[in-house]
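What follows is a single structure, written as structure tokens, with notes after it.
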Amino acid sequence: MSLSIPLKGRWKLLNKIGQGGFGEIYCVYDLENQQKAAVKMERIDRNKRALRLEIAVLKKIQESRFSANLVYCGRNNEYNYLVMELLGPNLSTLRKKQPQQRFSLATTIKLGVQMIHSIEDIHEVGYLHRDIKPSNFALRLAKNMKKRNGISPSYCVIIDFGLSRKYVTSEGELRPPREEVGFRGTARYASINSHDGKELSRRDDLWSLFYLFIEFLEGSLPWQRLKEKEEIAQVKKKYTNIGMCRDLPEEFTTFYKHIDSLKYEDKPNYKYLRRLLTDIYHRYGYDENTKYDWQIVRDNLRGVRRSPSLAKSFDSTIAMTGTTNDFSRSKKKSLIRAFSKEIQKEEFDKMNDMFFPKVQEKSQNNSEKQNSKQKNKIQENNQNENGTSKKVKENESEINEFEKMMKMINGEDKSDTTSSLNIDDDRACCIIL
Ligand SMILES: Nc1ncnc2c1ncn2[C@@H]1O[C@H](COP(=O)(O)OP(=O)(O)OP(=O)(O)O)[C@@H](O)[C@H]1O
Ligand SMILES: [Mg+2]
Numbered sequence: 001m002s003l004s005i006p007l008k009g010r011w012k013l014l015n016k017i018g019q020g021g022f023g024e025i026y027c028v029y030d031l032e033n034q035q036k037a038a039v040k041m042e043r044i045d046r047n048k049r050a051l052r053l054e055i056a057v058l059k060k061i062q063e064s065r066f067s068a069n070l071v072y073c074g075r076n077n078e079y080n081y082l083v084m085e086l087l088g089p090n091l092s093t094l095r096k097k098q099p100q101q102r103f104s105l106a107t108t109i110k111l112g113v114q115m116i117h118s119i120e121d122i123h124e125v126g127y128l129h130r131d132i133k134p135s136n137f138a139l140r141l142a143k144n145m146k147k148r149n150g151i152s153p154s155y156c157v158i159i160d161f162g163l164s165r166k167y168v169t170s171e172g173e174l175r176p177p178r179e180e181v182g183f184r185g186t187a188r189y190a191s192i193n194s195h196d197g198k199e200l201s202r203r204d205d206l207w208s209l210f211y212l213f214i215e216f217l218e219g220s221l222p223w224q225r226l227k228e229k230e231e232i233a234q235v236k237k238k239y240t241n242i243g244m245c246r247d248l249p250e251e252f253t254t255f256y257k258h259i260d261s262l263k264y265e266d267k268p269n270y271k272y273l274r275r276l277l278t279d280i281y282h283r284y285g286y287d288e289n290t291k292y293d294w295q296i297v298r299d300n301l302r303g304v305r306r307s308p309s310l311a312k313s314f315d316s317t318i319a320m321t322g323t324t325n326d327f328s329r330s331k332k333k334s335l336i337r338a339f340s341k342e343i344q345k346e347e348f349d350k351m352n353d354m355f356f357p358k359v360q361e362k363s364q365n366n367s368e369k370q371n372s373k374q375k376n377k378i379q380e381n382n383q384n385e386n387g388t389s390k391k392v393k394e395n396e397s398e399i400n401e402f403e404k405m406m407k408m409i410n411g412e413d414k415s416d417t418t419s420s421l422n423i424d425d426d427r428a429c430c431i432i433l
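What follows is the structure in structure tokens.
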């Protein structure tokens, strides 16, 4: 597909910002309102399609403060696509940029409370996410923090509903569990139930969240280096709360015990879990002014321009600790003395780029080249198979359903077809980080 032709004559593709197992994500420029947005594209000739489900779920949670704004969905000759609000960096990228690849307790808790809310909101509309992991949460850009329907949106947003599954019937009853289910999710964060081939339920999204918390706080998980999901399962089974929560505030053990007590049909006590986190937050003396780790870095980097010596000191502290919150004045001073590394302009620019991505002509050209290469390859393959250029085969009914849904989402049809979606659940979905 040519990157120079705007999608629907409206969204001009700029640079690629994400690539996952199910699609490519581009930053686009909306020629109608001169704003940037994000587009998730899925080739229509691939046999595993997830975008239709993703759009249906995103549509259902539009009321939630923790969802990205759905702008439009459409299709052209090559792609189904979803246009949505442009978000900032995902939490996996952010964590990896922290010293020791860890978040502070304060940052983990602030994000954790929002993540529990977002998981609760998906469950409320009858879906499980089934792929809770750091790269499936992203930050909302400051300019999009305006109130929506009178409610302040959240800072951390849940994305990627390609593996979601409806766990209730159309009457709102719990669907009976299937006897045996293929593995779903990402091995590093999957619950033991998922490894054991059990039907997943609400508790399993929270198990993944629990593993994510440990990774945020410790910088890694005990099974980090393992590749085979069977080996990962074995290690997970060995680690009880004592093994994993040993060095953490006791509330994490209580969190573990709550999710461990849940049966397939049980509704988690989301409020109780959030409360456990906020109890720690207050006990440690954090409040609404406590900043996220990356804000501390960014503010301090800004300080560089005003006062190089001050910035130098802060930089040293951050280099050591990742956060200045937990340290007394004298501790900060001694750290500053110990490290007097001059801050680099590139570092400031890198940070700026991370939060306010620029349109990069170069990467656009590269993507254009890559795309035309890919296109040639597909044409070549098609020719090899049939001797002549083969038309991409499509499933008629799926196309009709997608088009019906497009009309409904884009306001051209008032009947809600997403509620009756019969989504195929049998996709191979083992992704190992
Ligand atoms: N609206 C958005 N704005 C900015 N970045 C986004 C947006 N949506 C997705 N991304 C980025 O693209 C990455 C991949 O997106 P997403 O998780 O939706 O794709 P996926 O193909 O389902 O990925 P995977 O299979 O790896 O989980 C995200 O981790 C995020 O960094
Ligand atoms: Mg993803």
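Heads up, the sequence shown is in the UniProt record's numbering, so the first residue is 1 and it goes up one at a time. Using N, Cα and C, we set each Cβ at its ideal position, and we do this for glycine too. As the structure is a computational prediction, the values presented were derived from the model and not from experiment.
Compute the minimum distance between the beta carbon of Asp205 and the heavy atoms of ligand 2, and state whether it is under 7 Å. no
Neighbourhood of residue 442 by C-beta, 6 Å cutoff - its chain only, sequence neighbours within 5 removed: Nothing can be reported for residue 442, as the shown portion of the chain is limited to 1 through 433.
If we count the other Cβ atoms within 10 Å of its Cβ and call it buried at 16 or more, is Ala138 buried or exposed? buried
Following a CB-centred definition, is Asp30 positioned closer than 7 Å to any heavy atom of ligand 1? no
Just to confirm my understanding: we take Glu32, look at its own chain, exclude 5 residues before and 5 after, and list those with CB closer than 6 Å. What are they? Arg10
Quick check on Glu179: buried or exposed, where buried means 16 or more other Cβ atoms within 10 Å of its Cβ? exposed
Which stretch, first to last residue, makes up the beta strand (DSSP E) that contains Leu139? Phe137 to Arg140
Is it the case that the Cβ atoms of Ile214 and Leu221 are separated by a distance below 8 Å? yes
Taking 7 Å as the cut-off, does the CB of Gly185 come closer than this to any heavy atom belonging to ligand 2? no
For my contact list, Glu42 and Phe66 are in at a C-beta cut-off of 8 Å; report their separation, rounded to the angstrom. Not confirmed; about 23 Å, so no contact.
Expressed to the nearest angstrom, what Euclidean distance is found between the alpha-carbon atoms of Glu24 and Leu82? 11 Å
C-alpha distance - Ile242 paired with Phe252, whole-angstrom precision: 10 Å
Uninterrupted alpha helix (DSSP H) stretches inside the region 183-243 (no shorter than 4 residues): 192-195, 202-218 and 229-238
Would you say Ser135 touches ligand 2, meaning its beta carbon is less than 7 Å from a heavy atom? yes
For the candidate residues Lys96, Ala38, Met84 and Val71, whose alpha-carbon lies nearest to that of Glu218? Lys96
What residue does the alpha helix (DSSP H) around Ser75 start on, and which one ends it? Before going further, note that residue 75 is Arg rather than Ser in the sequence given. Careful: Arg75 lies outside any alpha helix (DSSP H), inside the beta strand (DSSP E) at Leu70 to Arg75.
According to DSSP, is Lys133 helix, strand or coil? coil
C-alpha gap between Arg275 and Pro249, whole angstroms: 14 Å
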